[in-house]
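Just below is one structure, and these are the notes that go with it.
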Amino acid sequence: MFHYCPNCGSTKVRVARKQRFSCDDCTFVFFQNVAAATGCIISAKAGVLFEARGKEPGKGKLGFPGGFVNPGEGAVEGVRRECIEEIGWDPGERAQFMASFPNEYLYKDVVYHTCDLYFTVSAPELTLSDLSIDTKETHEVRFIMPDEIAIDDLAFDSAKKALQYFTTRLAGR
Ligand SMILES: [Zn+2]
-7 MFHYCPNCGS TKVRVARKQR FSCDDCTFVF FQNVAAATGC IISAKAGVLF
43 EARGKEPGKG KLGFPGGFVN PGEGAVEGVR RECIEEIGWD PGERAQFMAS
93 FPNEYLYKDV VYHTCDLYFT VSAPELTLSD LSIDTKETHE VRFIMPDEIA
143 IDDLAFDSAK KALQYFTTRL AGR
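When the count follows the working numbering, it moves up by one through the sequence shown with no breaks and lands on 165 for the last residue.
Spelled out as structure tokens, the structure:
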């Protein structure tokens, strides 16, 4: 986490439970708490919407629209905002909580532990022409039938678990 205490500069620092950072030379304590993040499984007639990631981590791999929840934001608000930012489409009230899975997100040599909240949206009528893609974050968007996806094409463990959960319990309902 840190090699030096940000308060006194001491090197006598320790990390407990991957989240509690403390200094033996002063009273400094810092918690790197689990961050909340969202993912959205949007299913249309043409399949489930996947993004090809345009940036690291997992560049070129597939993922779902979503991202970190902002300070002061609720999870539904967060997943709607991410969909609007990334694909230019608001799932609105149709976003239904499905399941959550832990994830580790490596960004610039720092591991972030997240609790990823997955939502499903049923949008049979949705097509690519309804979307407007943020090409900085996302290289491409595709609708793919869930059973045509190789699970290792997905960037994140939590997304793999979410897709498996979705296909075994919810798809085709
Ligand atoms: Zn200190």
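Built from N, CA and C at the ideal position, the CB exists for glycine as well.
Shown in chain order are the residues whose CB sits closer than 5 Å to a heavy atom of ligand 1: Cys(-3), Asn(-1), Cys0, Ser2, Cys15, Asp17, Cys18, Phe20.
Exclusion of the five residues before and after lysine 152 leaves Ile143, Leu146 as the residues of its chain whose Cβ lies within less than 6 Å of its Cβ. Assignment of glutamine 11 by DSSP, reduced to helix, strand and coil, places it in the coil class. Counting only residues of its own chain and dropping the five nearest sequence neighbours on each side, valine 26 has a CB closer than 7 Å to the CB of His105, Thr106, Cys107. Within the same chain, and ignoring the five residues on either side of tyrosine -4 in sequence, the residues whose Cβ sits closer than 8 Å to its Cβ are Ser2, Thr3, Val5. With respect to the C-alpha of glutamate 129, the residue from Glu96, Asp16, Cys75 having the closest C-alpha is Cys75. The DSSP-derived three-state label of glycine 52 is coil.
Per DSSP, the beta bridge partners of arginine 134 are Phe42. Bounds of the beta strand (DSSP E) holding aspartate 108 are 102 to 114.
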